[in-house]
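Student: Going left to right, the sequence shown walks through residues -1 to 102 as the working numbering numbers them. Backbone N, C-alpha and C fix where the C-beta goes; we use that ideal spot for every residue, glycine too. What you are looking at is a predicted structure, and each value in this text was computed from that prediction instead of being measured. I have a structure here, written as structure tokens, and I will follow up with some questions on it.
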Amino acid sequence: AFSCKKVKSGWVDPDTSSKFSSTVALAPGDDREYQLVFSDEFEREGRSFADGEDSRWTAMDKNDYTNDALHFYRSDNVKTKHGKLKISTTFKDNNYRAFNEKTK
-1 AFSCKKVKSG WVDPDTSSKF SSTVALAPGD DREYQLVFSD EFEREGRSFA
49 DGEDSRWTAM DKNDYTNDAL HFYRSDNVKT KHGKLKISTT FKDNNYRAFN
99 EKTK
């Protein structure tokens, strides 16, 4: 029989309700219990996810050059507001150097 160790984690947000601290398997015949090891309720208003500013998440400043896409992700487009994680997009001109698979 498989056994699960009970794990205590410092990665569970104190704002997470204790009713979510464990759950049972949903598959018939599986009697395992699972313990929550990570949660984030995003309750702190205006949280910044720039590199080094959050203990759990990092929103990177990065271009997306896959499939010839012209996206650029910025950490200032990610914040918390009213208990939710908000990821916004804006249309604007950017100048950045991108990797070109054809010319390397």
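Quick check on the DSSP output: what are the complete alpha helix (DSSP H) runs of length 4 or more inside the region 22 to 81, in order along the chain?
Tutor: The qualifying runs do not exist here; there are none.
Student: Taking C-beta to C-beta, are Ser37 and Trp9 nearer than 9 angstroms?
Tutor: Residue numbering aside, residue 37 sits at position 39 when the sequence shown is read from its first letter. Residue numbering aside, residue 9 sits at position 11 when the sequence shown is read from its first letter. In this structure, Trp9 lies closer than 9 angstroms to Ser37 by Cβ.
Student: If you drop the 5 nearest sequence neighbours on each side, which residues of the same chain put their C-beta closer than 8 angstroms to that of Gly44?
Tutor: Position 46 of the sequence shown, counted from the start, is the residue given in the question as residue 44. Counting only Cβ-Cβ distances below 8 angstroms, and skipping sequence neighbours, we find Lys77, Thr78, Lys79.
Student: Shortest alpha-carbon distance to Ser19 belongs to which of Asp29, Val35, Gly27?
Tutor: Residue numbering aside, residue 19 sits at position 21 when the sequence shown is read from its first letter. Of all alpha-carbon atoms in Asp29, Val35, Gly27, the one lying nearest the alpha-carbon of Ser19 is that of Val35.
Student: Alpha carbon to alpha carbon, how far is Arg42 from Lys82? Give it in angstroms, no decimals.
Tutor: Residue mapping note: residue 82 aligns to position 84 of the sequence shown, counting from 1. Residue mapping note: residue 42 aligns to position 44 of the sequence shown, counting from 1. Whole-angstrom Cα-Cα distance: 9 angstroms.
Student: The ligand SAM and Arg30: does the residue's C-beta get closer than 8 angstroms to at least one heavy atom of that ligand?
Tutor: The ligand content of the structure shown is nil, which means the ligand SAM is not present either.
Student: In whole angstroms, what is the alpha-carbon distance linking Tyr32 and Ala25?
Tutor: Locating residue 32 in the sequence shown gives position 34, where the first residue counts as 1. Locating residue 25 in the sequence shown gives position 27, where the first residue counts as 1. Between Tyr32 and Ala25, the C-alpha separation is close to 13 angstroms.
Student: Measure how close the beta-carbons of Tyr71 and Asp59 come, nearest whole angstrom, since I'm counting them as under 8 angstroms.
Tutor: Start at 1 with the first residue of the sequence shown, and residue 71 comes out as number 73. Start at 1 with the first residue of the sequence shown, and residue 59 comes out as number 61. Right, their Cβ atoms sit about 7 angstroms apart.
Student: Quick check on Ala57: buried or exposed, where buried means 16 or more other Cβ atoms within 10 Å of its Cβ?
Tutor: The residue you call residue 57 lines up with position 59 of the sequence shown. Buried is the call here.
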